[in-house]
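J.: Protein sequence lines correspond, in order, to chains A and B.
Quick note on the working numbering: the first sequence kicks off at 15 and runs consecutively.
Quick note on the working numbering: the second sequence kicks off at 300 and runs consecutively.
Built from N, CA and C at the ideal position, the CB exists for glycine as well.
Please find one structure pasted underneath; my questions will follow.
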Amino acid sequence: MGKLVVVHSFRGGTGKSNITANLAALLACRGNRVGIVDTDIQSPGIHALFSLAPDHFKFALNDYLWKRCRIEEAAYDVSDILRGHQPGASGSIYLIPASMRTGEITRILQEGYDVGLLNNGFQQFMETLELDYLLIDTHPGVNEETLLSAAISDVLVIILRPDRQDYQGTAIMVELARQLEVPKMLLLINKAVNQKDFAALKQRVESIYGVGVAGVIPLSEDVAVLGSTDVFCLLHPDHPMTLALQSAIMEIVGK
Amino acid sequence: MGENPSDSGSRGFRPSDMLALPEEERHLLQWLTRRGRASAEEAAGQFGLDPAAARSLLEALAKRGFVKGEGDESHEVYQPRPGSMRTARTLPDGLWRKLRDP
């Protein structure tokens with residue numbers, strides 16, 4: 015059975031989808047079969063990083079939750095992005111996007127959906143596509159989807175920026191994850207400034223939460239310039255951001 | 300939980316319901332949710348309880364509608380029973396109609 019990795023942050027704008035896409039790509043570069051589910055139904059977006067155009071989704075996660083399709087029918091093989099940058103890469107990435115149709119977003123907000131179906135869908139997606147890792151991109155903050163994802167996760171990655179609001183929100187997420195008995199929790203600090211201070215920042219954050227920091231990612235103009243049009247680490251394998259994510263990968267796979 | 304747990308028997312549990320349970324029931328439901336299904340004997344082994352105590356906790360969860368038991372008493376297996384999730388329920392219907400059919 016594959017490992018279920020949930021990527022979350024208390025606040026929006028932390029780079030959650032970007033980091034999820036990059037972690038997926040790095041895992042796939044190691045030869046793994048990787049799935050991604052965009053459970054951020056209210057504000058989906060990770061499909062953009064894999065150049066999957068919303069007009070080209072026949073089915074999305076919403077359709078599965080409305081029982082219009084099987085979970086695997088909403089999965090798209092986006093592995094070409096790997097081969098495009100690293101021709102020898104042997105892994106695969108399958109993405110289940112959330113719908114980008116306005117009416118479908120509001121419908122699911124209004125009608126809700128069956129939690130059990132989402133839970134079963136994760137398991138079925140892993141089994142049917144024989145995934146080694148399933149990454150869940152979540153909606154920020156505390157909500158039912160996140161609690162469910164955390165409750166069944168093998169690894170919970172919490173992203174935060176060096177920012178007082180993020181620090182306070184992360185304390186809540188860490189407390190909830192402990193109550194939900196998440197087997198492994200990791201923190202990833204994103205958009206950090208002053209590279210000379212990274213070791214001290216990591217130590218400080220670890221001592222505040224009692225949770226390991228898997229990497230400190232520098233604030234990068236290069237990421238901003240890319241503007242979610244590609245997967246950064248595939249283009250810049252030696253960039254400090256990629257190296258920080260590689261260290262997070264070591265923690266996720268368990269060294 | 301926002302509702303009396305005894306009122307929620309027909310709807311299954313929402314993830315946030317787990318956090319409002321007494322500790323022993325919460326541990327058990329979380330474990331069952333990860334595992335998928337288990338008998339009272341397996342739960343007893345996991346938590347170091349005697350099987351009657353484990354069954355009684357599972358029955359308490361079943362009474363709330365959070366798990367359901369299947370099979371006869373000697374081979375009863377319990378499964379978690381997640382319910383439906385609905386957010387922003389308080390918006391008026393007219394607003395939802397406008398959003399869906401602009």
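(1) Just tell me which of A:L201, A:N76, A:S65 and A:S23 has its CA closest to the CA of E258 of chain A.
(2) Decide if the region 104-116 of chain A is in contact with the region 31-45 of chain A; the criterion is three or more beta carbon pairs, one per stretch, under 8 Å apart.
(3) Going by C-alpha to C-alpha distance, which of B:L320, B:L360, B:R310 and B:S338 sits closest to P402 of chain B?
(4) So with CB distances below 7 Å, who are the chain C contacts of Q193 of chain A?
(5) Chain A beta carbons: is any one of them nearer than 8 Å to that of S355 of chain B?
(6) Which value, in whole angstroms, describes the spacing of the CA atoms of R115 of chain A and C247 of chain A?
(7) At 7 Å on the CB atoms, spell out the chain A contacts of Q329 of chain B, in chain order.
(8) What does P350 of chain B reach in chain A if we use C-beta pairs closer than 7 Å?
(9) Is the separation between the beta-carbon of L348 of chain B and that of E324 of chain B shorter than 8 Å?
(10) Under 8 Å, do V129 of chain A and L162 of chain A count as touching if we go by C-beta distance?
(11) Name the DSSP beta bridge partners of K17 of chain A, please?
(12) For the candidate residues A:E159, A:P68 and A:S234, whose alpha-carbon lies nearest to that of F312 of chain B?
(13) Closer than 7 Å by beta-carbon distance: list the chain B residues that pair up with G129 of chain A, in chain order.
(14) Can you tell me whether D313 of chain A is helix, strand or coil according to DSSP?
(15) Do you know offhand how far A112 of chain A's Cα is from N134 of chain A's?
(16) Could you pull the start and end residues of the beta strand (DSSP E) that I172 of chain A belongs to?
(17) Tell whether a beta-carbon distance below 8 Å holds between L174 of chain A and T34 of chain A.
(18) Would you please verify whether the beta carbon of E158 of chain A is less than 8 Å from any beta carbon of chain B?
(19) Can you list, in chain order, the residues of the region 115-128 of chain A whose Cβ is nearer than 8 Å to any Cβ on chain B?
(20) Cβ of L194 of chain A within 8 Å of Cβ of A228 of chain A?
(21) Would you mind reading off the limits of the alpha helix (DSSP H) that contains Q378 of chain B?
(22) Quick one: list the residues of chain B neighbouring L161 of chain A, beta-carbon separation under 7 Å, in chain order.
(23) How about G16 of chain A and L148 of chain A: are their beta carbons less than 8 Å apart?
(24) Measuring CA to CA, which of A:K81, A:D77, A:V225 and A:N36 is closest to I60 of chain A?
(25) Going by beta carbon distance, what residues of the same chain come within less than 6 Å of T53 of chain A, once the five residues before and after it are set aside?
(26) With a CB to CB cut of under 6 Å and the five nearest residues on each side skipped, what residues in its chain are close to D177 of chain A?
(27) I need the DSSP call for E195 of chain A, collapsed to helix, strand or coil.
(28) Tell me, please, whether the CB atom of N76 of chain A is closer than 8 Å to any CB atom in chain B?
(29) So, under 8 Å CB-CB, I95 of chain A and V245 of chain A are touching, yes? Tell me the CB distance rounded to an integer number of Å.
(30) Determine the extent of the beta strand (DSSP E) in which D52 of chain A is found, giving its start and end residues.
(31) How about P381 of chain B and V366 of chain B: are their beta carbons less than 8 Å apart?
(32) State yes or no: is the C-beta of P154 of chain A within less than 8 Å of the C-beta of G26 of chain A?
(33) Under 8 Å by Cβ, that's how I've got V188 of chain A and I172 of chain A pegged, so tell me the actual separation to the nearest angstrom.
(34) Considering only the beta carbon of each residue, do L131 of chain A and V48 of chain A sit closer than 8 Å?
(35) Closer than 8 Å, CB to CB, is R333 of chain B near chain A or not?
T.: From the atom records:
(1) Sequence index remark: in the first sequence, residue 258 of chain A carries index 244 (1-based). The residue you asked about is not Glu; residue 258 of chain A is Ala in the sequence shown. It is A:L201 whose Cα lies nearest to the Cα of A258 of chain A.
(2) yes
(3) Chain B is shown only over 300 to 401; residue 402 of chain B falls outside these bounds and no answer can be derived.
(4) Any reference to chain C falls outside this structure, whose protein chains are A and B.
(5) Counted from its first residue, the second sequence places residue 355 of chain B at position 56. No Cβ of chain A is located within less than 8 Å of the beta carbon of S355 of chain B.
(6) For the purposes of this step, residue 115 of chain A is identified with residue 101 of the first sequence, where counting begins at 1. For the purposes of this step, residue 247 of chain A is identified with residue 233 of the first sequence, where counting begins at 1. Near 29 Å, if we compare the C-alpha coordinates of C247 of chain A and R115 of chain A.
(7) Your numbering for residue 329 of chain B matches position 30 in the second sequence. Those are A165, L194 and E195, listed as they occur along chain A.
(8) On the second sequence, residue 350 of chain B is found 51 positions in, with the first residue counted as 1. The premise fails here: P350 of chain B is roughly 22 Å from chain A at the closest Cβ pair, so nothing lies under 7 Å.
(9) Here residue 348 of chain B corresponds to residue number 49 of the second sequence, with the count starting at 1. Here residue 324 of chain B corresponds to residue number 25 of the second sequence, with the count starting at 1. Contact: no.
(10) As a first step, residue 129 of chain A is located in the first sequence; it is residue number 115 there, counting from the start. As a first step, residue 162 of chain A is located in the first sequence; it is residue number 148 there, counting from the start. The answer is yes: Cβ separation under 8 Å.
(11) Within the first sequence, numbered from 1, the residue matching residue 17 of chain A stands at position 3. In the DSSP output, where bridge partners are listed per residue, K17 of chain A has A:Y147.
(12) Here the question's residue 312 of chain B lines up with position 13 in the second sequence. If we check each option's Cα against that of F312 of chain B, A:E159 comes out closest.
(13) Residue numbering aside, residue 129 of chain A sits at position 115 when the first sequence is read from its first letter. Here residue 129 of chain A is Val; the residue named in the question, Gly, does not match the sequence. Here the neighbours are R313, P314, P381, G382, S383 and M384.
(14) Residue 313 of chain A lies beyond the range of chain A shown here (15 to 269); nothing can be said about it.
(15) In the first sequence, the residue the question calls residue 112 of chain A occupies position 98. In the first sequence, the residue the question calls residue 134 of chain A occupies position 120. Straight-line measurement puts the Cα of N134 of chain A at about 17 Å from the Cα of A112 of chain A.
(16) What you label residue 172 of chain A is simply residue 158 of the first sequence in a count that begins at 1. V169 to L174 is the span of the beta strand (DSSP E), which, as asked, contains I172 of chain A.
(17) For the purposes of this step, residue 174 of chain A is taken as residue 160 along the first sequence, with counting starting at 1. For the purposes of this step, residue 34 of chain A is taken as residue 20 along the first sequence, with counting starting at 1. Not a contact, by the Cβ cut-off of 8 Å.
(18) On the first sequence, position 144 is the one that residue 158 of chain A refers to. Yes - at least one Cβ of chain B is within 8 Å of the one on E158 of chain A.
(19) T116, G117, T120, R121, L123, Q124, E125, G126, Y127 and D128
(20) In the first sequence, counting from the first residue as 1, residue 194 of chain A sits at position 180. In the first sequence, counting from the first residue as 1, residue 228 of chain A sits at position 214. No, these two residues do not count as a Cβ contact at 8 Å.
(21) For the purposes of this step, residue 378 of chain B is taken as residue 79 along the second sequence, with counting starting at 1. Taken as a continuous stretch (DSSP letters only), Q378 of chain B belongs to no alpha helix (DSSP H), being part of the beta strand (DSSP E) at V376 to P379.
(22) Against the first sequence, residue 161 of chain A aligns to sequence position 147. Correct list: P314 and S315.
(23) Here residue 16 of chain A is taken as the residue at index 2 of the first sequence, counted from 1. Here residue 148 of chain A is taken as the residue at index 134 of the first sequence, counted from 1. Their beta carbons are under 8 Å apart, which means G16 of chain A touches L148 of chain A by this criterion.
(24) Reading the first sequence from its first residue, position 46 is the one you call residue 60 of chain A. The option with the nearest alpha carbon to I60 of chain A is A:N36.
(25) What you label residue 53 of chain A is simply residue 39 of the first sequence in a count that begins at 1. Once the five neighbours on either side are set aside, the close Cβ partners of T53 of chain A are I150, T152 and E159.
(26) What you label residue 177 of chain A is simply residue 163 of the first sequence in a count that begins at 1. Hits under 6 Å: none found.
(27) Numbered from its first residue, the first sequence carries residue 195 of chain A at position 181. Here E195 of chain A sits in coil by DSSP.
(28) In the first sequence, residue 76 of chain A corresponds to position 62, counting from 1. So, not an interface residue.
(29) On the first sequence, residue 95 of chain A is found 81 positions in, with the first residue counted as 1. On the first sequence, residue 245 of chain A is found 231 positions in, with the first residue counted as 1. Here I95 of chain A really is in contact with V245 of chain A; their C-beta atoms are around 6 Å apart, less than 8 Å.
(30) Counting from one through the first sequence, the residue named residue 52 of chain A turns up at place 38. Segment R47 to D52, the beta strand (DSSP E) holding D52 of chain A.
(31) Numbered from its first residue, the second sequence carries residue 381 of chain B at position 82. Numbered from its first residue, the second sequence carries residue 366 of chain B at position 67. Result no, Cβ atoms of P381 of chain B and V366 of chain B do not sit closer than 8 Å.
(32) For the purposes of this step, residue 154 of chain A is taken as the residue at position 140 of the first sequence. For the purposes of this step, residue 26 of chain A is taken as the residue at position 12 of the first sequence. Yes. Within cutoff.
(33) Translated into the one-based positions of the first sequence, residue 188 of chain A becomes position 174. Translated into the one-based positions of the first sequence, residue 172 of chain A becomes position 158. Rounded, the Cβ-Cβ distance is 7 Å, consistent with contact.
(34) On the first sequence, position 117 is the one that residue 131 of chain A refers to. On the first sequence, position 34 is the one that residue 48 of chain A refers to. No, Cβ-Cβ distance for L131 of chain A and V48 of chain A is not below 8 Å.
(35) Residue 333 of chain B sits at position 34 when you count from the first residue of the second sequence. So, interface residue.
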